[in-house]
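Residue 106 in the numbering used here sits at position 28 of the sequence shown, with consecutive numbering throughout. Okay, so here's the structure we're looking at.
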Amino acid sequence: MPKEITTLVTFFGATGDLAKRKLYPSVYNLYKKGFLVEHFGILGTSRAELSTKQFQVMVHDSIKEFMNEEAPQDFLKHFDYQRADITTPEDYAPLKALIEEMDEKFALKGNRIFYMSVAPRFFGTVAKLLKSEGLLSENGEFNRLMIEKPFGSDYETAEKLNNELSHAFSEDQVYRIDHYLGKEMVQNIAALRFGNPMFTKSWNRDSIDNIQVTLSETLGVEDRAGYYDTAGALRDMIQNHTMQIVGWLAMDEPATWTDRDIRIAKNAAFNSLKIYTPDEVAENFVRGQYGPNAIGTQVGYLDEKDVPADSQNNTFVAGKLQFDSYRWQGVPFYIRTGKRLAAKTTRIDIVFKKDYNLFDSNQPLSNDVLTIIIDPEGRIEYKIAAKATTAEFKTRPITLKWKASDEDKAQTPEPYERMIHDTMDGNGSNFADWNGVAVAWKFVDAVQSAWDSVHQDFPNYVSGTMGPAASDELLEREDREWIYKG
Ligand code: NAP
Numbered sequence: 079m080p081k082e083i084t085t086l087v088t089f090f091g092a093t094g095d096l097a098k099r100k101l102y103p104s105v106y107n108l109y110k111k112g113f114l115v116e117h118f119g120i121l122g123t124s125r126a127e128l129s130t131k132q133f134q135v136m137v138h139d140s141i142k143e144f145m146n147e148e149a150p151q152d153f154l155k156h157f158d159y160q161r162a163d164i165t166t167p168e169d170y171a172p173l174k175a176l177i178e179e180m181d182e183k184f185a186l187k188g189n190r191i192f193y194m195s196v197a198p199r200f201f202g203t204v205a206k207l208l209k210s211e212g213l214l215s216e217n218g219e220f221n222r223l224m225i226e227k228p229f230g231s232d233y234e235t236a237e238k239l240n241n242e243l244s245h246a247f248s249e250d251q252v253y254r255i256d257h258y259l260g261k262e263m264v265q266n267i268a269a270l271r272f273g274n275p276m277f278t279k280s281w282n283r284d285s286i287d288n289i290q291v292t293l294s295e296t297l298g299v300e301d302r303a304g305y306y307d308t309a310g311a312l313r314d315m316i317q318n319h320t321m322q323i324v325g326w327l328a329m330d331e332p333a334t335w336t337d338r339d340i341r342i343a344k345n346a347a348f349n350s351l352k353i354y355t356p357d358e359v360a361e362n363f364v365r366g367q368y369g370p371n372a373i374g375t376q377v378g379y380l381d382e383k384d385v386p387a388d389s390q391n392n393t394f395v396a397g398k399l400q401f402d403s404y405r406w407q408g409v410p411f412y413i414r415t416g417k418r419l420a421a422k423t424t425r426i427d428i429v430f431k432k433d434y435n436l437f438d439s440n441q442p443l444s445n446d447v448l449t450i451i452i453d454p455e456g457r458i459e460y461k462i463a464a465k466a467t468t469a470e471f472k473t474r475p476i477t478l479k480w481k482a483s484d485e486d487k488a489q490t491p492e493p494y495e496r497m498i499h500d501t502m503d504g505n506g507s508n509f510a511d512w513n514g515v516a517v518a519w520k521f522v523d524a525v526q527s528a529w530d531s532v533h534q535d536f537p538n539y540v541s542g543t544m545g546p547a548a549s550d551e552l553l554e555r556e557d558r559e560w561i562y563k564g
């Protein structure tokens, strides 16, 4: 039986794209699954003038559009709306009044979640005003803040934002969203690592040769050049999603399976990440920018709408992470992401060390590889050696494969549903902790600042390939290769 949750959720940005596409459908799923029954209230706010009825119709229509389902009135009656400009302190008084009214009406025990589905420039202001205008409950079990991405645009802005949040909320009240952490197969990393003694015992430098994380996209910048040209693949994909995946891969076993101990273990790993000097950046990181495709039907980045003709922005990044820790000494974590690559996929390849070949000392064994495919569909593959079907005794690599079934897929919650549920449940395991975010920014800032001081000739890869040649060379010079070749 699902555990019924008692809470009020206030959605800032209630008329926005994210709220309609993801947040209301997620809340509806939690209702259908029995996590939300009687004691829940959803308060929407934005600057638009909407009556309660109009808001309920909007929520109904979003669920209809994105889930093709008719939400019943028994569900919609838990939704209410209050117009407010979130930059105006006086507008918080009517919000407070409605929060208190809903609290009483649905018997919500003062439990409050505030979801900031608004532009990042508002995050600090909202947190501050929630406290100063008295919207946090004093008698409830919790006040929690869910915060969208991006969390800052470099270490300095992230730290400033974090300081603003921490005036009103303590770290364990802040749920920083990275939707990759809500993905089923990202959560499967821990199950594979800690649920199989064979992997638990070999997840270290004795057995692992290297780890590869690839987040590749086929699309170009599309209509996001205004933002993307200031961020690049490094800030858009490495600082957050890639680093958060690496956190699950690099951490030690947590002392217990609680969010507190998981965060402690992840933070220890993040704190051992080597931050590079400019020379080390040149040695360990590669940047790329896409040119046209081979047949000239796609333009290069510099010819995309709104991209400055002399842009030095990176649309591809490959690099090597190193952890100064007992577990990972000498084991490279190769990461790679980019736009206009050969295929759309998110995957992890754990490459195990080779051993002496008992059967043929002239022929090296091949590396065993455990592959976790996160997108576009959940798969796990394990490449191991088995006997070749030849007269002489030789080995050949074979691959054991598992794929999420249709039934699995049907019951897998969407990342947003899972993240809203976990916040309601007070489980911060799958959210980005400030320490991890801070280390990731320091690392990424060091790479960006080294790049900013050196001009690079672009474009340097053809659209539809797996990035510049230098990305392959990064591994080849260490006698390794990318497992995934597109
Ligand atoms: P959006 O469609 O532009 O919606 C913004 C919302 O903020 C609207 O409801 C808007 O309503 C409200 N708003 C703007 N200024 C306001 C003010 N001064 N006072 C009160 N409300 C105000 O943005 P979005 O795409 O939903 O994105 C929301 C957040 O989610 C952003 O942080 C974004 O980075 C993040 N995010 C979005 C997606 C996505 O797929 N959309 C995915 C990942 C992350 P009014 O104009 O009526 O006030």
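We treat Cβ as the ideally placed atom computed from N, Cα and C, and that holds for glycine.
Suppose contacts are defined by Cβ-Cβ distances below 9 Å. Is residue i in contact with residue j by that definition?
i    : j    : result
V291 : Y412 : yes
V447 : I476 : no
F437 : K472 : yes
P356 : A528 : yes
V385 : A309 : no
L108 : Y170 : no
K261 : I451 : no
G366 : K344 : no
D486 : Y233 : no
G397 : L552 : yes
A197 : F133 : no
I539 : F401 : Reading off the sequence shown, one finds Tyr at residue 539, where the question assumed Ile. Not a contact, by the Cβ cut-off of 9 Å.
L572 : P537 : Nothing about residue 572 can be read from this structure; the chain reaches only from 79 to 564.
L419 : G273 : no
F247 : N288 : no
S195 : F89  : yes
Express the C-alpha separation of residue j and residue i in angstroms, rounding to a whole number.
i    : j    : result
A421 : N282 : 30 Å
T334 : G506 : 14 Å
I71  : Y102 : There is simply no residue 71 to check, as the chain begins at 79 and stops at 564 in what is shown.
H257 : G230 : 16 Å
Q322 : I225 : 16 Å
Q407 : W560 : 20 Å
L243 : G202 : 6 Å
A328 : L351 : 10 Å
A360 : D284 : 28 Å
V87  : R99  : 17 Å
A466 : P332 : 40 Å
P228 : E554 : 34 Å
L312 : L154 : 41 Å
D152 : E495 : 20 Å
How about residue i: is its Cβ closer than 8 Å to a heavy atom in ligand 2?
i    : result
I164 : Ligand 2 is not part of this structure, which contains only ligand 1.
Taking residue i as part of the alpha helix (DSSP H), name the residues at either end of that continuous run.
i    : result
F144 : T130 to M145
G310 : A303 to A311
S549 : A547 to E554
A205 : F201 to S210
Tell me the residue span of the beta strand (DSSP E) that contains residue i.
i    : result
M194 : R190 to M194
I450 : V447 to D453
K398 : F394 to L399
Requested in this report: Could you tell me which uninterrupted beta strand (DSSP E) segments, each at least 3 residues in length, are contained entirely in the stretch 227-264, listed from first to last along the chain?
Outcome: Taking only runs of at least 3 residues, the beta strand (DSSP E) segments lying wholly in the stretch 227-264 are 252-254.
If we require 3 or more residues per run, which beta strand (DSSP E) segments fall completely within the stretch 323-389? 363-366 and 368-371
- Task: With a floor of 4 residues, list each alpha helix (DSSP H) that falls wholly inside the stretch 146-187, ordered by position along the chain.
- Result: 151-154 and 170-183
Report the start-end ranges of each beta strand (DSSP E) in the stretch 79-128 that is 3 residues or longer and not cut off at the edges.
85-90 and 118-124
Report the start-end ranges of each alpha helix (DSSP H) in the stretch 440-515 that is 4 residues or longer and not cut off at the edges. 484-489 and 493-503
Quiz item: Do the stretch 389-405 and the stretch 261-273 meet, that is, are 3 or more Cβ pairs less than 8 Å apart?
Solution: no
inquiry  = Check whether the stretch 123-131 and the stretch 160-167 touch, using three or more Cβ-Cβ pairs below 8 Å as the test.
reply    = yes
* Asked: Do the stretch 169-188 and the stretch 204-218 touch if we need at least three Cβ pairs shorter than 8 Å?
  -> yes
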